[in-house]
Every structure is written in C-alpha cells, then in structure tokens.
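Residue numbering for the sequence shown is 9 to 655, as defined by our numbering.
Here's the structure we're looking at; comments come further down.
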Amino acid sequence: MSLACTLNGPLNLSVEQLALQEPGPGQVRLRLGAGGICGSDLHYYQHGRAGIFAIRAPFVPGHEASGVVDAVGEGVTKVQTGQKVAVNPAHPCGVCPACRAGRSNLCEKMVFLGSAAIFPHIPGFFREHFVMHEAQLTAIDEDVSLGEIACAEPLSVGLHAVRRAGEVLGATVLVTGAGTIGCMSVIAARLAGAGRVIACDPSERARAMALTVGADEALPDATAWKGRVDVALEAAGHPAALASCLAAVRRGGRVVQVGTLPPEIPFPANDIMSRELDYVGAFRADIEFDWAVQAIRSRRADVRPLISAQLPISQSKAAFDLALDRGRSTKVQLVAASLLVAAPAFAQTKLKWAHVYEPGEPFHTASVWAAEEIKKRSAGRYQIDVYPASQLGKENDINQGLSLGTVDIIISGSSFAAKAFPRIGVTYYPYTFRNVDHLLAYTKSDIYKELTAGYEQKSGNQIIATTYYGTRHTTSNKPIAKCADLKGLKMRVPDVPAYLAMPRACGANTSPIAFAEVYLALQNGTVEAQENPLPTIEAKKFYEVQKHIVLTGHIVDHLNTVVAGGLWKKLSDADKKMFSEVALEAAAKASREVAARESELAAVFRSKGISVTEVNTGEFRDTVLKNVPFEQYGYQKADWDRIQAIK
Ligand SMILES: [Zn+2]
Ligand SMILES: [Zn+2]
Numbered sequence: 009m010s011l012a013c014t015l016n017g018p019l020n021l022s023v024e025q026l027a028l029q030e031p032g033p034g035q036v037r038l039r040l041g042a043g044g045i046c047g048s049d050l051h052y053y054q055h056g057r058a059g060i061f062a063i064r065a066p067f068v069p070g071h072e073a074s075g076v077v078d079a080v081g082e083g084v085t086k087v088q089t090g091q092k093v094a095v096n097p098a099h100p101c102g103v104c105p106a107c108r109a110g111r112s113n114l115c116e117k118m119v120f121l122g123s124a125a126i127f128p129h130i131p132g133f134f135r136e137h138f139v140m141h142e143a144q145l146t147a148i149d150e151d152v153s154l155g156e157i158a159c160a161e162p163l164s165v166g167l168h169a170v171r172r173a174g175e176v177l178g179a180t181v182l183v184t185g186a187g188t189i190g191c192m193s194v195i196a197a198r199l200a201g202a203g204r205v206i207a208c209d210p211s212e213r214a215r216a217m218a219l220t221v222g223a224d225e226a227l228p229d230a231t232a233w234k235g236r237v238d239v240a241l242e243a244a245g246h247p248a249a250l251a252s253c254l255a256a257v258r259r260g261g262r263v264v265q266v267g268t269l270p271p272e273i274p275f276p277a278n279d280i281m282s283r284e285l286d287y288v289g290a291f292r293a294d295i296e297f298d299w300a301v302q303a304i305r306s307r308r309a310d311v312r313p314l315i316s317a318q319l320p321i322s323q324s325k326a327a328f329d330l331a332l333d334r335g336r337s338t339k340v341q342l343v344a345a346s347l348l349v350a351a352p353a354f355a356q357t358k359l360k361w362a363h364v365y366e367p368g369e370p371f372h373t374a375s376v377w378a379a380e381e382i383k384k385r386s387a388g389r390y391q392i393d394v395y396p397a398s399q400l401g402k403e404n405d406i407n408q409g410l411s412l413g414t415v416d417i418i419i420s421g422s423s424f425a426a427k428a429f430p431r432i433g434v435t436y437y438p439y440t441f442r443n444v445d446h447l448l449a450y451t452k453s454d455i456y457k458e459l460t461a462g463y464e465q466k467s468g469n470q471i472i473a474t475t476y477y478g479t480r481h482t483t484s485n486k487p488i489a490k491c492a493d494l495k496g497l498k499m500r501v502p503d504v505p506a507y508l509a510m511p512r513a514c515g516a517n518t519s520p521i522a523f524a525e526v527y528l529a530l531q532n533g534t535v536e537a538q539e540n541p542l543p544t545i546e547a548k549k550f551y552e553v554q555k556h557i558v559l560t561g562h563i564v565d566h567l568n569t570v571v572a573g574g575l576w577k578k579l580s581d582a583d584k585k586m587f588s589e590v591a592l593e594a595a596a597k598a599s600r601e602v603a604a605r606e607s608e609l610a611a612v613f614r615s616k617g618i619s620v621t622e623v624n625t626g627e628f629r630d631t632v633l634k635n636v637p638f639e640q641y642g643y644q645k646a647d648w649d650r651i652q653a654i655k
C-alpha cells in the first residue's frame, strides 16, 4: 500500500491508502523523492481552484517531484532501479501547432500532472508511489539531494519567464515577489547573465531569501527604480506588483507575467501604448525543464536555501499549512516516509563563535553583529552564539577546537594560523605593514589569497576575513629615540617569536611575563618596558606605570575570522558567499573602530602627562632585517617583498 494526499475541496484534505500500481511496458514505478508544494497547489487547497482551473472531483495535487526508481516495466532502458530521477510533469501531444512550433507548454492537448485543468483530473505527485513513462524521467547520478531535484519544475518556470523576457545579458532585471517562483526567477536571471537583479517583496524573510540566491538588492517596493529597469518579472501574482513592474520598466521595456493574478484587475493600457511597453505572459515551461535539471545537477543553480521543510505525506495538512505561512517557509516538500532522512534540510543549525577578547571590545561587538546578520540573511537557518573572553578556551584551545568540532568560527591571530602554515605568519615579521591602510590593502591582494589558501590546505579551515587589531608600540620608563636605546633594557615581550624579533634585534633583555602580571611587573621594576597596541596600553592602564610611549609601530597586528573546515564544507555556495560577506563587513566595522580609537589615544595619553614620541621606524626596520632571518620562523622573504609592493 501507498499513502496519497487527496484534495476533496477547499480546505478539505485527506491522506488515503492506495494500492501499489505495477509498471507496464516502457513504464517505471517511482517512490516519491520529494514533492514541492507550489502556489497553485495552495490555491487548490484554500479555494478549490487555481486561476481558471477548478477542482471538480477529489484529486491528488503536486507537479514538482523527484523520485527513486522502485520497479521498471518491460523494455525500459533510460533508468535503473535505485536511481534518483527528475520527473517532468508535462505531457504535450507533440503534434499540435503549438508543439510543432516549439512551444509545447501551450499544447492544446496538454496532460499536466497534478492539475485540474482537464477533467477527469490527472493525479499529481503527492503519492508515495506513482507510475510514469520513462520518457518523463532524467536519471541523476550526481551528489545532489532529492529535494533539490524536485526543484527542477519551479526553476524551469523561472527560466521560461526569463526566456520570455528576451535579451537579458547585462540587463537590469526587477523581480516582484520573492517566493519560490520569484527566487527561481532571480536564479534564472543570474544564469542568463543579468547585470543587476533587484527583488521586491514586502516580507523581510522573502527579501533575505532573494539575496541568498543571488539578488543584488532586495527592497520592500520598487519605487526607487521607477522607469529604470529593462525587464520586470512579475512573480507575485498581485495587482500592486504588476503596477509597480509597469512603472519600473524604462520606455520600451518588457514586463513578464509569471504569477497568477486575480481574474479582473485595473490595467494601465494607455501606459503600454504611450511608453511602448511589452506585456507578455509566461506559462509553465517547455525545454527549460531540461535546462533546469542540468543547472541543478551541476549546482550552477543552488536551490538548497529555498527548501524550508520536508514532511512525510502522512503530515500533508501540516505541510500545506506551513507552506501557506510565508513568514516561516519558502518551499515545503512532501516526502515518502521511507525516504525521510534523520536530519531534515530545514533544521536550524546552531553554531559556536569563540574569541578571547572582552565583551566591550570591537572584536566582540562586531562578532555579535555578524551572528545576528547571518541569522537574518539566512532567514533563521543559522543560529550563532558568540562566546567572548576565552569562555570556550584560550586562543590555542579555540584554534584546536576548529578541528575537534568544539567551535565553528573563531577570531584569532595569524601567529596561530602560522602553526599550521608558517608562511602566513610573515605578516608578524616587524615592519611588514606601513600602517593600517597597508594591512587592509593586503587583505585584498593576491599574496593574501595565496597565504590564506595555504593555511586552508594545511589546516582544512577557512579564513574568511581579517580585522585590524592595532599597531604595537613600546612603552618605557626611559626615553627611546633609536633602536640602540633598547640595548640592555628589561622589557616584557610575549613569548611569540615574531614579537621578540624587534626588541631582541635592538638588544633588549626580553622577559615573557604573563599578560595579567605586566602592570605589577612594570610597577615594581621587574621590567622597565613593554610593547602593546595603544588601546591595550589604555585598557590595562600601563600609562600609570610608564613615563614614555614610543611609537615604534613594529607590528600591525590583526585577527583572522576562521571557519571550521567541517562547517565550511557543508555550506552551500550561496551560504559561503553570505558568511564571507558578513564576516568582511564585521571585520571592516571593528577595524574602523580600532583605528579611530587609536587616533584619539596619543592625545589622551599626553593629557595624562605621558610623553608620546615618534621614532625613525626605518632605522628599527633595517636593524631587524639585518639581524633576523625570515627563514628562522618558516617565513619567506619573497612573501614579505610582495607585501611591501602593495600600494
Ligand atoms: Zn508549480
Ligand atoms: Zn501539443
């Protein structure tokens, strides 16, 4: 026996047991892989009709499906038992004028599964098993999910809408409505080479989804684009959306109606005339179904973010109700109970973001901002909790945690990344960066890409952004004007080889006192000097126990935002892009804050009676270069030279 979801009339849905059918010659019995609930299915469910098609007898809806071959009839050659298949619901006659003109979606004798267009109605795919002719099937051996394959039909609708739009390469395209068909239209416009894609939807969740699948911009309404878009795809099926499309297209532009509108609506026909607009319809799809299958199997179209939930056929009513709630779902799919996987695609993924900085520091506030932004942009698919102040371990622990799975995202210095891939630590060699702008230019350079890629290869983890941490300067109880003035000075320096390079090259007598004890050590004279960024000198009140701040600027310190390899591999391309974009924005925010604070601090210290002096850093740099070989740290001089060359 096999379960089927049956619509008996408006809001009257039942789940019934059907006998298993045997496939005849050329036929294949499929187990449902996934069956997407579409806007038209929802119209049937709510109103007993979709557009002009009304339910006249109980029928099984569903026209977006993938399946797994369960049994094959005599003479079947295209597919084998156990294979995943995409299922084309359209059976055009092949001989009518429309079919012969290559517009089979307009076939006069079309048999379309799960549609009430003809009577008796042809049952659709919301059944655990169904029998199809092998001609309707495309076997998929690639590692894409049955849920994705079931999106071929709605993607084909988006592709057909874009084809009806004419030339789209380089064009500015507006899409109204960012539900499934709107998002598929966004994806299709991107595949067709649109120059700019703007999605409009009053729902914030829908807008976030449109951005995730590739829209450049997502707005609540299109007024800002009045008269400026080349093509508008109306996928909302709403009179106001159509009006905004007609207003947004430039003179001579084209509007494609792909959503289903109410029967009678006001229409600015004179506008069509005087501005020579084209208003065309797009109905289902023709050869675009094959294009959609191709785009999905290759993941050139990544539809995974659109799949909000998968429920078994036994829970059809809950699935339809969830699909009706646009605030919570985009595409809801029904699946055969036997194929329901343990971890459904819609489950919220909880992630841990860890660092060692204090809650008041920009590194934390930017991390929290990024976590919220990722949640928003993923429409709640990712919930990220940020753990500051070494709550999940010291810097070494959280770096190891990336591989152990105890943390998912961290911010951490390149000296830790250098443990896996020494070359990346060259940025800690003294005087690698002239200033913060040089560091930020480096993060956009080829050498940055090369070094982070090297780290990724060695560690398996992914660096997605780099934040300016501050420039390290020297404080002392005696004046320092040149490198040689450090000679014999008792100076606290962390036990990080690159940090030791400048003080030792200048002859300081370094001592690795724990960070928490530096103030006391300076106060009681255990050491006479130390080095740190200005905000740290302020936060730890070192200025109270030091007379001089010497702007040696020997290391332009920075932190990487690192994503655990295990998480990174699981992210879709669209999510990778989104995580990276958010992390870059967060890094830019924190970098700006740190730089702004630093620029104020010299004056703050002077007002406290501390001398703040500049030195000839060139002389310090030359001494370091003469005395400290790059190779001793596993760095390469050539990398340093390439960084120097960045303007
Ligand atoms: Zn559909
Ligand atoms: Zn035909």
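Glycine residues also receive a C-beta, built at the ideal position from the N, C-alpha and C atoms.
Being a predicted model, the structure only gives us computed values, none of them experimental.
Item, Value
"Residue closest to residue 447, alpha-carbon to alpha-carbon, out of 119, 568, 254", "568"
"CB of residue 40 within 7 Å of CB of residue 78, strictly", "no"
"The segment 266-284 / the segment 108-123 touching (three or more Cβ pairs under 8 Å)", "no"
"Of the listed residues 533, 404, 209, 477, nearest to residue 596 (C-alpha basis)", "477"
"Per DSSP, the bridge partner or partners of residue 140", "36"
"Nearest candidate by alpha-carbon position, reference residue 433, set 56, 61, 197, 648", "648"
"Contact shell at 5 Å, judged by CB to any heavy atom of ligand 2, ordered along the chain", "100, 101, 104, 107, 115"
"DSSP state of residue 563 mapped onto helix, strand, coil", "strand"
"Residue 191 Cβ short of 6 Å to ligand 1 heavy atom set", "no"
"Segment contact flag, the segment 401-418 with the segment 616-624, C-beta cutoff 8 Å, min 3 pairs", "no"
"Neighbour-count burial assignment, residue 459, 16 or more Cβ in a 10 Å radius", "buried"
"Option nearest residue 385 by Cα separation, candidates 31, 254, 584", "584"
"Every unbroken alpha helix (DSSP H) inside the segment 596-638 [4 residues or more]", "625-635"
"Spatial distance of residue 646 from residue 558 (CA atoms)", "30 Å"
"Assigned secondary structure, residue 27 (DSSP; H/G/I helix, E/B strand, else coil)", "coil"
"Cα-Cα separation between residue 220 and residue 513, rounded to whole angstroms", "51 Å"
"Residue 159: CB within 6 Å of a non-hydrogen atom of ligand 1", "no"
"For residue 570, the three-state DSSP class (helix, strand or coil)", "strand"
"Start-to-end residues for the alpha helix (DSSP H) that takes in residue 216", "212-220"
"DSSP-derived helix/strand/coil call for residue 370", "helix"
"Through-space distance from residue 285 to residue 348, alpha-carbon basis", "Any reading at residue 348 must be qualified, since the residue scores a pLDDT of 47, below 50, and its modelled position is unreliable; the value itself is stated next. Their backbone Cα atoms lie some 48 Å apart in a straight line."
"Exposed unless 16 or more other CB atoms sit within 10 angstroms - verdict on residue 615", "exposed"
"Through-space distance from residue 183 to residue 290, alpha-carbon basis", "14 Å"
"Check: residue 46 C-beta below 6 Å from any heavy atom of ligand 1", "yes"
"Rounded C-alpha distance that separates residue 508 from residue 548", "21 Å"
"The alpha helix (DSSP H) enclosing residue 52, as first and last residue numbers", "47-55"
"Distance between residue 246 and residue 185 (C-alpha atoms, nearest Å)", "9 Å"
"Other residues of its chain near residue 423: CB distance less than 7 Å, five sequence neighbours each side excluded", "433, 436, 504, 506"
"Straight-line Cα distance separating residue 375 from residue 463", "22 Å"
"Residue 502 to residue 481 span [Cα, whole Å]", "13 Å"
"Where residue 287 falls: helix, strand or coil (DSSP)", "strand"
"Sub-7 Å separation of residue 74 and residue 42 beta-carbons", "yes"
"Distance CB(residue 475)-CB(residue 599) smaller than 7 Å", "yes"
"Proximity of residue 470 and residue 576 at Cβ, strictly below 7 Å", "yes"
"Euclidean distance between Cα positions of residue 251 and residue 239", "14 Å"
"Residue 85 classed as buried or exposed, judged by whether at least 16 other C-beta atoms fall within 10 angstroms", "exposed"
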